[in-house]
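By UniProt numbering, the letter at position 6 of the sequence shown is numbered 6, and the numbering carries on one by one without gaps.
Remarks on the structure that follows.
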Amino acid sequence: MTKIDFYTNPQSRGRIVRWMLEETALPYETHILTYDGTMKDAAYRAINPMGKVPAISHNGKIVTECAAICAYLAEVMPDAVLAPTSEERADYYRWMFFAAGPLESAAVNRALGFTVPEERERMVGYGHFNLVLDTLEKALSDKDYLTGSRFTAADVYVGSQIIWGLQFGTLDERPGFKAYAERLAARPAYAEANRLDDEAAAAM
Numbered sequence: 001m002t003k004i005d006f007y008t009n010p011q012s013r014g015r016i017v018r019w020m021l022e023e024t025a026l027p028y029e030t031h032i033l034t035y036d037g038t039m040k041d042a043a044y045r046a047i048n049p050m051g052k053v054p055a056i057s058h059n060g061k062i063v064t065e066c067a068a069i070c071a072y073l074a075e076v077m078p079d080a081v082l083a084p085t086s087e088e089r090a091d092y093y094r095w096m097f098f099a100a101g102p103l104e105s106a107a108v109n110r111a112l113g114f115t116v117p118e119e120r121e122r123m124v125g126y127g128h129f130n131l132v133l134d135t136l137e138k139a140l141s142d143k144d145y146l147t148g149s150r151f152t153a154a155d156v157y158v159g160s161q162i163i164w165g166l167q168f169g170t171l172d173e174r175p176g177f178k179a180y181a182e183r184l185a186a187r188p189a190y191a192e193a194n195r196l197d198d199e200a201a202a203a204m
């Protein structure tokens with residue numbers, strides 16, 4: 001299979017994609033970019049005009065945005081069994097895009113100290129912060145993973161946000177979130193991805 005070029009910075013959301021790549025066991029080459037340097041160069045803007053990471057290049061195609069990359073890698077590496085079955089598909093896409101939309105928006109707004117006025121809650125797409133957390137907590141209340149008993153790419157993407165949220169205090173330490181994060185952190189691919197990114201960060 002064609003090698004993947006992986007563009008990242010170890011102090012970015014690229015850690016999500018690194019974990020996903022390690023789960024798939026696909027061959028890839030890492031390109032570390034700097035925020036005020038190579039990430040803004042014309043060479044990289046030809047790959048991602050936004051000048052941000054992560055991005056991957058595979059078979060001449062560029063994929064950006066973490067949720068899209070996770071879903072793409074799950075499909076191109078079926079042997080990793082990270083894509084949803086027909087029965088799992090609804091939950092898989094529902095929670096993948098819930099994390100890409102309401103969860104990330106609510107978490108970022110909270111981190112920035114912004115509280116949506118009650119009369120404007122309909123405008124932001126997620127209502128209010130606690131509603132987002134209540135909804136996600138309920139999704140994990142009766143199963144080990146987002147689609148049921150099996151780990152999928154949705155758990156890489158959503159799980160990364162929960163792990164980071166607990167680590168940096170942008171999410172409440174609810175028992176369901178902590179138990180889910182502990183299950184994910186025990187995965188060998190997660191540990192290897194963190195080792196590689198920690199080494200890259202130390203080398204910068």
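Glycine included, every Cβ here is placed at the ideal spot set by N, Cα and C.
If we ignore side chains and look at the alpha-carbon of each, how far apart do Phe6 and Glu119 end up?
If you take the alpha carbons of Phe6 and Glu119, they lie about 43 Å apart.
Which residue or residues does DSSP assign as beta-bridge partners of His58?
Note: His58 sits in a beta bridge opposite Lys61.
When you compare only the Cα positions, how much space is there between Thr170 and Ala107?
Taking the straight line from one Cα to the other gives about 6 Å.
Among the residues of its own chain, which have a CB less than 7 Å from the CB of Glu75, if the five just before and after it don't count?
Ala83.
Going straight from the alpha carbon of Met20 to that of Tyr72, what length do you get?
Near 10 Å, if we compare the C-alpha coordinates of Tyr72 and Met20.
Kindly indicate the opening and closing residues of the alpha helix (DSSP H) around Ala98.
Residue identity check: residue 98 is Phe in the sequence provided, not Ala. 89–98 is the extent of the alpha helix (DSSP H) around Phe98.
Near Pro102, which residues of its chain fall below 7 Å by C-beta distance, leaving aside the five closest residues on each side in sequence?
Counting only Cβ-Cβ distances below 7 Å, and skipping sequence neighbours, we find Gly125, Tyr126, Val132.
Is it buried or exposed, Ser160, if we count other Cβ atoms within 10 angstroms and call 16 or more buried?
Buried, since its Cβ has 16 or more Cβ neighbours within 10 Å.
Between the region 145–157 and the region 51–71, do at least 3 Cβ pairs fall closer than 8 Å?
In short, these stretches touch, since the Cβ pair count reaches three.
Around the C-beta of Tyr35, are 16 or more other C-beta atoms found within 10 angstroms, so that it is buried, or is it exposed?
The residue in question, Tyr35, is exposed, as its Cβ has fewer than 16 Cβ neighbours within 10 Å.
Name the residue from Ile162, Asp41, Val53, Met50 whose alpha carbon lies nearest to the alpha carbon of Phe98.
Nearest C-alpha to Phe98: Ile162.
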